[in-house]
Structures are given as C-alpha cells and as structure tokens.
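Heads up: the structure comes next, in structure tokens.
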Amino acid sequence: MTQWMVLTDLDGTLLDHDSYDWRPAEPALQALQALNIPVIAVTSKTAAELVSLRTDIPYLAPLMACENGAVVIDDRPGSQTREVLGEATDALIDRFDQASLESGAQGIGFHQASDQQVADWTGLSLADAAQARAREASLPVYYPTDWPGRAAFIRAVEARSGRVLEGGRFLHLAGSADKGTALDWMARRLNIEHTVALGDGGNDDAMLARATIGIRIPTAGTRRPESLTTIRRASQPGPAGWNEAMLSLLNQGLFNELRGERDE
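Here is the structure:
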C-alpha cells in the first residue's frame with residue numbers, strides 16, 4: 664500500500680492560469696499513477712466544477728476538497744462521504760456586507776456578480792461560471808490589488824473573526840476550514856502519513872505548510888513575497904512547473920525509498 668499522496672491546487676498550478684490546460688503535467692501524472700500514488704484536487708472550485716474536471720483529467724483520485732477545503736468528498740465506491748467543514752456561505756455573505764459597509768469597500772462578491780461577470784474575470788464559459796457561483800461554504804470576492812479599500816476591507820473582515828484567503832484571481836472569505844484542514848482530513852481518510860502539496864496562491868499556504876514536502880508553483884509575471892520558509896519552489900508556472908517538480912522527486916527515488924523502508 665502506498666505511503667504517499669499528492670494534493671494539488673488547480674488554477675495556476677495543475678491547470679494553466681489562462682488556458683486551463685493540464686497536459687504539460689501528464690508525464691508526471693502517469694508516473695504517479697504507475698506507483699499507485701493518489702493525486703487529490705484541493706481547490707477553491709466548487710464540487711459541481713470538479714465533476715467535469717475529473718472526467719477531463721483521468722489521473723485525479725476520486726477524493727477531492729472544494730471551496731478551499733471547506734467541502735471534502737470521498738467518491739470511492741463503498742466509501743462515499745461528503746462533509747462540509749466550513750462556515751455556510753450565507754454567514755460569510757453577512758460578514759462581507761458588514762465589512763463592505765464599514766470600510767467602503769468596492770469588492771464584488773460572487774453572490775452579487777452575474778454569470779457573465781464571472782466568465783469575464785476567469786475566461787470560463789457561462790455554464791461553468793454558473794457552477795463557480797454555486798457556493799456552500801466559501802465566498803470569492805473580485806477585488807483587484809489596484810482598487811481602493813482592499814486592505815481596509817480585509818481588516819474589517821478579520822475584525823469580525825473572519826478569514827480572507829488570497830488566491831490567484833480572487834479574495835476568498837472563509838470560516839475556520841482551509842486547505843490545511845482538508846489535507847488532515849484526507850490523511851486520516853486514507854491513512855497516509857506522507858504528503859506532497861503543490862499550490863501557487865496564499866490560499867494554499869496552510870496546505871503547503873502541513874505537507875511533508877510543500878512546493879510553490881510561481882505565477883507567471885508575478886513575484887509574490889514568500890511567506891513560508893520550509894517549502895520548495897518550482898522553476899516554471901502552471902502545469903509545466905508541476906511536471907518538472909514532481910518528476911524531480913520521482914527521479915530522486917523519494918517515493919520508492921520510503922515505501923521500501925516501510926515494507927521491510
């Protein structure tokens with residue numbers, strides 16, 4: 664039985680930020696599949712969005728964490744479980760409204776946006792944008808860094824015991840659950856101790872910090888200050904960087920070595 668699992672962010676990490684292409688990562692995904700190492704999506708996307716993605720990317724395990732870890736799903740036959748670990752979206756909307764009023768913020772929550780606006784921001788189709796807006800326990804907010812009041816809005820949310828996670832495109836209002844919470848849930852669920860986690864955004868930090876090996880995927884054209892000191896950094900953005908980083912670990916024999924030690 665494998666002693667490793669790989670947890671990965673999607674947008675800007677396994678998926679190209681603009682084209683959503685994942686195929687540059689296929690060599691590493693094939694190698695992991697051959698070793699029976701599960702690759703689990705841990706993403707800000709909704710469960711509805713992941714249904715089609717799991718069809719498009721056949722290497723993803725039938726477990727997933729959605730909405731930045733607030734919703735976790737085990738879809739294996741005979742083990743099907745779905746849990747909401749985060750705070751309900753309605754409660755997050757209330758916090759958003761209060762913080763916006765107090766700070767004079769101009770950010771646009773997904774509950775206020777149209778499908779067309781979300782499609783324009785993300786490059787998704789209208790149908791996919793509708794799925795992206797169907798939230799249970801998270802609230803993305805469109806708030807570009809050059810818009811006024813962004814920092815004041817974040818402070819106002821945090822003053823109300825809320826959390827703001829920064830992703831590649833959006834701010835995300837969240838409860839106590841995050842991608843690190845999801846990593847712990849998956850580790851218990853699969854009884855796997857050792858993890859590799861890959862992500863590009865601030866909303867990935869909790870997952871990267873908890874993993875045995877955390878790998879930051881850089882964002883094309885952006886150099887964000889690194890908040891974590893114990894992680895590795897891929898040399899390329901998106902799925903090409905994902906592939907390179909994972910093939911490097913595979914070529915080092917890391918997974919085989921540890922598995923061999925545990926089989927003795």
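Counted the way the working numbering counts, the sequence shown spans residues 664 to 927.
Backbone N, C-alpha and C define an ideal beta-carbon position, used for all residues, glycine too.
Please read all numbers here as calculations on a predicted model, not as lab measurements.
Apply the 10 Å Cβ neighbour rule to residue i and answer buried if 16 or more other Cβ atoms are within range, or exposed otherwise.
i	result
residue 730	buried
residue 701	buried
residue 740	exposed
residue 925	Confidence in residue 925 is poor, its pLDDT being 40 and thus under 50, which makes the residue's placement unreliable; the coordinate value appears in the next sentence. With fewer than 16 other Cβ atoms within 10 Å, it is exposed.
residue 779	exposed
residue 698	exposed
residue 902	buried
Just how far apart, CA to CA, sit residue i and residue j?
i	j	result
residue 712	residue 914	33 Å
residue 709	residue 908	26 Å
residue 843	residue 707	13 Å
residue 759	residue 836	8 Å
residue 841	residue 866	8 Å
residue 670	residue 788	26 Å
residue 804	residue 685	25 Å
residue 763	residue 831	21 Å
residue 817	residue 785	22 Å
residue 821	residue 689	40 Å
residue 877	residue 864	12 Å
residue 874	residue 757	33 Å
residue 833	residue 738	28 Å
Report the three-state DSSP secondary structure of residue i (helix, strand or coil).
i	result
residue 803	strand
residue 893	coil
residue 703	strand
residue 667	strand
residue 674	strand
residue 686	helix
residue 645	Residue 645 is absent from the model: the chain starts at 664 and stops at 927.
residue 925	Residue placement at residue 925 cannot be trusted, given a pLDDT of 40 that sits under 50; what the coordinates show is reported in the next sentence. Here residue 925 sits in helix by DSSP.
residue 798	coil
residue 823	coil
residue 828	strand
residue 681	coil
residue 785	helix
residue 611	With the chain covering only 664 through 927, there is no way to say anything about residue 611.
residue 698	coil
TODO: May I have a chain-ordered list of the beta strand (DSSP E) segments no shorter than 3 residues that lie completely inside the region 708-774?
DONE: 723-729, 734-737, 744-747
- [ ] Evaluate contact between the region 843-856 and the region 806-823, counting only Cβ atoms and requiring at least three cross-stretch pairs below 8 Å.
- [x] In short, these stretches do not touch, since the Cβ pair count stays below three.
Open item on the list: Suppose only complete runs of 4+ residues qualify. What are the alpha helix (DSSP H) ranges in the region 840-886, listed by chain order?
Closed with: For the region 840-886, whole alpha helix (DSSP H) runs of length 4 or above, ordered along the chain, are 842-853, 868-873.
Open item on the list: Would you call the region 741-754 in contact with the region 794-803, where contact means no fewer than 3 C-beta pairs closer than 8 Å?
Closed with: The region 741-754 vs the region 794-803: in contact.
TODO: Would you check if there are 3 or more beta carbon pairs closer than 8 Å linking the region 890-898 to the region 678-686?
DONE: The answer is no - the region 678-686 does not touch the region 890-898, with fewer than three Cβ pairs under 8 Å.
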